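Visitor: Handing you this structure, nothing more for now.
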Amino acid sequence: MSLVELIAQADERGLAASGLACLDRCVPLLGGDDEILRPLWASLAEDDRDGEWGADWGERVEQARAKVATPEIPEGDASAEGEAAVLAHRMLGAVPVERSAAKLREWADACSVAALQIHRLLDAAADGASSVTSRREGRTQDMSPLVAAELRRQVAILELLSAHGPAGLRQALDLSTEGRRVLRAVVSRRARGRV
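In terms of this note's numbering, the numbers along the sequence shown are unbroken and rise by one, the last being 197.
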């Protein structure tokens, strides 16, 4: 199943986790520490007495936003790093405070595109496609390594949550943490290359 199809079939918690995982992998571009989104992950895992998840989701979203400063990107900065940071901050700014399937689906879809685009911008190897849309639809020929790894993580997380529900959240977080480490290394390597 393609990434687009997996997002279309995901439930509310799966959509929230998918978007959150994409954002979590991009934390190195937000300027916050690695734990900034941990309360949101906890909100996904907590069920209230009625079996509903994320009773305090909106409050935790606002707290996460408050901990991250808006990036000061010099005007005219067309660097890959500057563009990637803007995309990451947009992902955080767009997190829906209201937990509705429609809003979460729209956000998860946008996060998927943004995260793939961020990885594409920062990859040293060229990606063979003109946009990430074809990648999300399953066309993976000539895909650059960093984009391929991000696509695999997105698919794996949605499949985990589809198969295991809330029990898959721990593995989804682990996959996301691994991806964050990879992106942090890429950002660090690129920074060293500019010095």
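Heads up, the beta-carbon is just placed ideally off N, CA and C, and yes, glycines get one too. As the structure is a prediction and not an experimental result, all values here were calculated from the model.
Distance check for Glu100 and Gln156, CA to CA, integer angstroms please.
Guide: 23 Å
Visitor: Considering Cα atoms alone, identify which of Ser4, Leu22, Arg15, Leu171 is closest to Ala112.
Guide: Leu22
Visitor: For the structure I just gave you, are there three or more beta carbon pairs, one from the stretch 144 to 156 and one from the stretch 115 to 135, closer than 8 Å?
Guide: yes
Visitor: Which value, in whole angstroms, describes the spacing of the CA atoms of Asp26 and Thr72?
Guide: 17 Å
Visitor: So, is Ala44 buried or exposed, given that buried needs 16 or more other C-beta atoms within 10 angstroms?
Guide: exposed
Visitor: How many angstroms separate the CA atom of Leu39 from the CA atom of Ala66?
Guide: 6 Å
Visitor: State the DSSP-derived secondary structure class of Asp111, mapped to helix, strand or coil.
Guide: helix
Visitor: Could you tell me the alpha carbon to alpha carbon distance between Ala187 and Glu37, rounded to whole angstroms?
Guide: Their backbone Cα atoms lie some 17 Å apart in a straight line.
Visitor: Judging by CA-CA distance, which residue of Val70, Asp52, Ala103, Arg62 is the nearest neighbour of Val88?
Guide: Val70
Visitor: Is Glu61 buried or exposed, if buried means 16 or more other CB atoms sit within 10 Å of its CB?
Guide: Counting Cβ neighbours within 10 Å, Glu61 comes out exposed, since fewer than 16 surround it.
Visitor: Taking the runs of the alpha helix (DSSP H) that are 4 residues or longer, which of them lie wholly in the stretch 130 to 172?
Guide: 135 to 138, 147 to 166
Visitor: Is the stretch 165 to 178 close to the stretch 140 to 148, with three or more CB pairs under 8 Å?
Guide: no
Visitor: Confirm, please, whether the CB-CB distance from Ala174 to Ala19 is below 7 Å.
Guide: yes
Visitor: Is the beta carbon of Leu106 sitting closer than 7 Å to the one on Leu32?
Guide: It is not a contact, given that the beta carbons lie outside the stated cut-off.
Visitor: Do Val97 and Leu118 have their CB atoms nearer than 7 Å?
Guide: no
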